[in-house]
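Counted from 1, the sequence shown has number 420 at position 38 by my numbering; the numbering is strictly sequential.
Just so it is clear, CB atoms sit at the ideal spot from N, CA and C, and this is done for glycine as well.
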Amino acid sequence: MMRQGQRSELNQRSQSGGSVLVELALLLPILLFLTLASVEFSQAIAAYKVIVNQVRSAARYLSTEAPGTGHTEAACLLTNGNPSSAKPCTGSVLLPGFSAPDFNVTVADALNAPATHSAQRTSADLTVTSATTINLVTVTASGYQHPLYFAGFLSGVVGNATALTFGPISMTMRQIN
């Protein structure tokens, strides 16, 4: 036979177990949301890092070429990771959004943007000599749309968006020629 004290202890245990389940039911959606948002955000940052590194590689490649040359190779280096002189580029794209029609790679150098990239002075000296002027090259990647993998779960935060569109990412370097 159970005594009165033992029964109340069993009732308290069963009630505390029920309150734990209620708390879990209330907190689980919040924890799941935070986890999915963190994963989505980290994937977007990783994609952004890939784009920045590839834009830098393309600008570095073009900095060794003469103005007006190597634009196709630099675009292929940015999107596929290897310079190719023919379109379509050889190899597979590094990110899925690189093959989208809205994604653009533009190059500005001394030949196609002479006002901003040709014979830029490196000093305040009014006499322009070959020692005080440089040519610049700028590579810009624009229109990249990072797919939101958990958009259905995060619909209250991202609205009806299925992709996150990055702004233009560009890099300017000195051209040796």
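Report the rounded CA-to-CA distance for residue i versus residue j, giving the unit in angstroms.
i: residue 446; j: residue 557; result: 6 Å
i: residue 455; j: residue 466; result: 5 Å
i: residue 550; j: residue 483; result: 15 Å
i: residue 414; j: residue 517; result: 52 Å
i: residue 497; j: residue 420; result: 44 Å
i: residue 520; j: residue 474; result: 24 Å
i: residue 491; j: residue 453; result: 10 Å
i: residue 485; j: residue 548; result: 10 Å
Any idea which residues DSSP pairs residue i with across the strands?
i: residue 516; result: 502
i: residue 464; result: Its beta-bridge partners do not exist; DSSP assigns none.
i: residue 446; result: According to DSSP, residue 446 bridges with nothing at all.
i: residue 551; result: 523
With DSSP collapsed to three states, give me the class of residue i.
i: residue 472; result: coil
i: residue 523; result: strand
i: residue 479; result: helix
i: residue 381; result: Only positions 383 to 559 of the chain appear in this structure, which leaves residue 381 out of reach.
i: residue 417; result: helix
Which two residues bound the contiguous beta strand (DSSP E) that contains residue i?
i: residue 547; result: 545-547
i: residue 529; result: 527-529
i: residue 558; result: First-last for residue 558: undefined, no H or E at that position.
i: residue 490; result: 486-490
Taking C-alpha atoms, which residue in the options lies nearest to residue i?
i: residue 489; options: 523, 501 and 426; result: 523
i: residue 432; options: 479, 472 and 410; result: 479
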